[in-house]
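S.K.: Below is one structure. I have some questions about it.
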Amino acid sequence: MIANTFGLAATADHYFEYATVGALQQFIARRRAEGKRTPLFHMGGGSNLLFAGHYAGTVLHSRIAGITVTAEEGDDVYVRVGAGVEWDAWVQYAIDSRWHGLENLSAIPGEVGASAVQNIGAYGVEACDAIIYVDTVDLHTGEVRHFTAAECRYAYRDSIFKQELRGRYAVTHVHFRLSHSFRPQLSYGGLRAALQERGLDEVNLRPSELRHTIMGLRAAKLPDPRVLGNAGSFFKNPVVDRQQIDHIRSKAGQEPPCYDVDAAHVKVPAAWLIEQCGWKGRALGPAAVYDRQALVLINLGHATGSDILRLCRAIQADVRSRFGIAIEPEVNIVGEEQG
Ligand code: EPU
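Residues in the sequence shown are numbered consecutively from 1, following the working numbering.
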């Protein structure tokens, strides 16, 4: 059974874990020698995955460890982190080491390798703000290749590893640039208010206090996967033309919340669209929409991947027919084509 935070009984033909770049290269060399062409899927911590069915191929997982300072220049510290390191253990380690920039990304489940594929983000910060380059291994040839952050083509929850190079490279290490000075990023709506509620002074704020505030915000909205299976936000927030806002407003009978993207586009919270369609807190068989954050789909106990996928499609259809907007899954769906 393959570990995943949805708590699904996920299976594959084969599962291969490696702890070094050399072990991964040997695995690829063996496959080449045997002329194997069976599918490969590289997973991270299983916190952003939906196994929709049995995976007829090999699932790969990195256990590459290690956090190493590679250079220090003025205020900057450059750190190389193994893909198999748990993301939040890395954030904690950085804060303990007084390296700053990742505090807002506290308590995100998953591993460092996936952070560089998915460009994880929360509370106004994205992984790509700190990533400077990524070490990978080509799963076809076994060759090592380095990608600069620009080559990774980072965008909102997106990178080249989710687009044209999807499935081609395994991330082995991620190189981050953090800073010795602490310049908290507090622009995200609600963050300043949450600090005030905790009696924290923005000026004298300590990194660990920011971390704990973020953890509190997340805990209030996102279910603990050990209690209720889920994969965080199930959908991405759609980017729409500004003209579409008039249509959304007329359909909803109220002003939609939105965030500026550029002169022509805004981002609308998918959670709001889903809630407007009456899905918040609603179940479809053993799968449901979380009652405290409509962007999160949950496993009520014995859901299968196809139960979750059925709920996903029902929500997508309702949002499309009511607002004319296609919302796309943020989680990676494995074992079946995305609908
Ligand atoms: N909202 C609703 N109903 C809800 C929840 C939210 O209408 O049930 C509306 C509210 O207007 C609210 C707005 O949506 O102000 C935004 O909600 P929230 O601050 O919870 O953020 P989000 O856009 O729903 C994104 C990320 C989260 C991240 C938070 C905080 C995506 C897909 N999700 O959610 O990321 O933690 O912002 O920065 O961008 C994840 O990727 O797994 C994840 C949890």
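Each residue gets a CB set at the ideal place from its N, CA and C atoms; glycine is no exception.
As the structure is a prediction and not an experimental result, all values here were calculated from the model.
Would you check whether the ligand MN has a heavy atom nearer than 6 Å to the C-beta of ASN237?
M.R.: Ligands displayed in this structure: the ligand EPU; the ligand MN is not among them.
S.K.: Heavy atom of the ligand EPU less than 6 Å from the Cβ of PRO269, yes or no?
M.R.: Yes, the beta carbon of PRO269 sits closer than 6 Å to at least one heavy atom of the ligand EPU.
S.K.: CB-CB under 7 Å to GLY82, same chain, minus the five flanking residues each way: which ones, in chain order?
M.R.: Excluding positions up to five away in sequence, the list reads ILE64, ALA65, GLY66, VAL112 and HIS173.
S.K.: Grab the span of the beta strand (DSSP E) containing THR136 for me, first residue to last.
M.R.: Note, THR136: beta strand (DSSP E), 131-138.
S.K.: For the candidate residues ASP75, LYS36 and ILE2, whose alpha-carbon lies nearest to that of SER47?
M.R.: Minimum Cα distance to SER47 is reached at ILE2.
S.K.: Going by the DSSP bridge assignment, what does LYS267 pair with across the sheet?
M.R.: For LYS267, which the question treats as bridged, DSSP gives the partners VAL239 and TYR259.
S.K.: Go through the segment 291-319 residue by residue and report every complete run of the beta strand (DSSP E) that reaches 3 residues or more, in order.
M.R.: If we require 3 residues or more, the beta strand (DSSP E) runs fully inside the segment 291-319 come out as 296-299.
S.K.: Between ALA12 and VAL59, how many whole angstroms is the CB-CB distance? I'm expecting something under 8 Å.
M.R.: Correct: roughly 4 Å between the Cβ atoms.
S.K.: Quick one: is LEU88 buried, meaning 16 or more other Cβ sit within 10 Å of its Cβ, or exposed?
M.R.: In the sequence on display, residue 88 carries Asp and not Leu. Label assigned to ASP88: buried.
S.K.: May I ask you to report which of helix, strand or coil DSSP gives THR148?
M.R.: Three-state result, THR148: strand.
S.K.: Inspect the CB distances between the segment 328-338 and the segment 35-55 and report whether three or more fall short of 8 Å.
M.R.: Yes, the segment 328-338 touches the segment 35-55.
S.K.: Tell me, please, which residues DSSP counts as bridged to LEU49.
M.R.: Paired residues: ASN332.
S.K.: Could you check what DSSP says for GLY339 in three-state terms: helix, strand or coil?
M.R.: Confidence at GLY339 is low in this model, with a pLDDT of 38, below 50, so its placement is unreliable and no value can be given for it.
S.K.: Suppose the cutoff is 7 Å on Cβ atoms and the five residues either side in sequence are ignored; what does the same chain contact list for GLN338 look like?
M.R.: Any reading at GLN338 must be qualified, since the residue scores a pLDDT of 40, below 50, and its modelled position is unreliable; the value itself is stated next. Cβ neighbours of GLN338 beyond the five flanking positions: PRO329.
S.K.: Which residue wins for smallest C-alpha separation from PRO269, given the options ALA193, ILE245 and VAL91?
M.R.: When each option's Cα is compared against that of PRO269, the closest is ILE245.
S.K.: Would you mind listing the beta strand (DSSP E) stretches within the segment 4-44 that are 3+ residues and don't spill past its ends, in chain order?
M.R.: Segments of the beta strand (DSSP E) lying fully in the segment 4-44: 12-18 and 40-43.
S.K.: Is DSSP giving ALA71 helix, strand or coil here?
M.R.: DSSP places ALA71 in strand when its eight states are reduced to three.
S.K.: Suppose you measure from the CA of VAL69 to the CA of ILE108; what does that come to, to the nearest Å?
M.R.: Cα to Cα, VAL69 sits roughly 23 Å from ILE108.
S.K.: For ALA252, collect the residues of the same chain with a Cβ closer than 7 Å to its Cβ; drop the 5 residues on either side in sequence, then sort them by chain order.
M.R.: So the list reads GLN276, once near-sequence residues are dropped.
S.K.: Determine the closest residue to PRO238 out of ARG226, PRO256, LEU195 and ASP129, with distance taken between C-alpha atoms.
M.R.: Nearest C-alpha to PRO238: PRO256.
S.K.: Please confirm whether any heavy atom of the ligand EPU lies closer than 6 Å to the CB of GLN118.
M.R.: No, the ligand EPU has no heavy atom inside 6 Å of this Cβ.
S.K.: Taking 6 Å as the cut-off, does the CB of GLY44 come closer than this to any heavy atom belonging to the ligand EPU?
M.R.: No, the beta carbon of GLY44 sits no closer than 6 Å to any heavy atom of the ligand EPU.
S.K.: What's the gap between the Cα of LEU191 and the Cα of VAL296?
M.R.: Straight-line Cα distance between these residues: approximately 20 Å.
S.K.: Looking at the structure shown, is THR58 part of a helix, part of a strand, or coil, going by DSSP?
M.R.: DSSP places THR58 in strand when its eight states are reduced to three.
S.K.: On the DSSP bridge list, what partners appear for GLU86?
M.R.: Per DSSP, GLU111.
S.K.: Looking at LEU210 and GLU103, is the spacing between their C-beta atoms short of 7 Å?
M.R.: Cβ distance < 7 Å, so GLU103 and LEU210 count as in contact.
S.K.: Quick check on the DSSP output: the beta strand (DSSP E) that includes ALA219 runs from which residue to which?
M.R.: Element bounds for ALA219: not the beta strand (DSSP E) but the alpha helix (DSSP H), 207-221.
S.K.: Looking only at its own chain, which residues have a Cβ that is under 7 Å from the Cβ of VAL85, when we skip the five neighbours before and after it?
M.R.: Correct list, in chain order: ALA65, ILE67, GLU111 and VAL112.
S.K.: Evaluate the contact criterion for the segment 191-206 versus the segment 152-160: three or more CB pairs, one atom per stretch, below 8 Å.
M.R.: These segments do not touch.
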